[in-house]
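Residue numbers (the numbering used here): 5 to 195.
Virtual Cβ for every residue (Gly too), placed ideally from N, Cα, C.
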Ligand code: NI
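This is the structure we're talking about:
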């Protein structure tokens, strides 16, 4: 396992729709190593998730994991390590909520954008088992962010540019309002 370099906005691989993996590929040592590298890279950089595009591989694999008290997103509910392969998201009823996001591939920028409040996500786990789950609240937003990466979409594409802020200015001017607005979601269980 190794920590990989995370590519930054401007690298074409972030705009490349990632391709699906066959079950055979998923079971290969190369892809299992990629998954281990993604987990290690996510943990080393304190992300809430990471997609394969972000380490230069346009393959439909992403990780979501939020530790209790994550330093980048201390307000996010904890999410156990989840490896999603070939994920497909279907929005459920419940509308959208404005969420403030950042991204390991967009250094020192945050922005506010609408996310579905509830989604159904179908995917393969790293062992090729089919999963079918419902995610809600901020956790639903995290999964939408990672699947966006696999479609070549970044949060800046969906955000109102007038909401853009550095992490320092987010803390200073936007954090309290944001947390007040989503406080009900923070309490909500992740799945
Ligand atoms: Ni991201």
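Quick check on the burial criterion: 16 or more other C-beta atoms within 10 angstroms. Buried or exposed for residue 50? exposed
For residue 153, which residues from the same chain have a beta carbon less than 6 Å from its beta carbon, with the 5 sequence-adjacent residues on both sides left out? 55 and 57
Measuring alpha carbon to alpha carbon, tell me which of 7, 93, 67 and 120 ends up nearest residue 103. 120
Got a sec? Which residues, its chain only, sit under 7 Å from residue 40 by beta carbon, not counting five neighbours each side? 5
Cβ pair count under 8 Å reaching 3, the region 71 to 85 against the region 134 to 143: yes
Does at least one heavy atom of the ligand NI sit under 8 Å from the Cβ of residue 172? no
Determine the DSSP secondary structure at residue 42, reduced to helix, strand or coil. helix
Reduced DSSP category for residue 186 - H, G, I as helix; E, B as strand; rest coil: coil
In three-state DSSP terms, what is residue 149? helix
Looking at residue 75: is its Cβ nearer than 9 Å to the Cβ of residue 151? no
Could you tell me which of 63, 88, 110 and 62 sits nearest to residue 163, measuring between CA atoms? 110
Cα-Cα, which of 182, 137 and 87 is closest to residue 42? 87
Let's see if you can read the secondary structure: which residues bound the alpha helix (DSSP H) around residue 160? 159 to 162
Pull up the distance between the alpha-carbon of residue 48 and that of residue 7, whole angstroms please. 7 Å
Can you give me the start and stop residues for the beta strand (DSSP E) that residue 124 sits inside? 122 to 128
Got a sec? Which residues, its chain only, sit under 7 Å from residue 46 by beta carbon, not counting five neighbours each side? 53, 54, 67 and 69
Please list the segments of the beta strand (DSSP E) lying wholly inside the region 14 to 72, counting only runs of 3 or more residues, in order along the chain. 53 to 55 and 65 to 70
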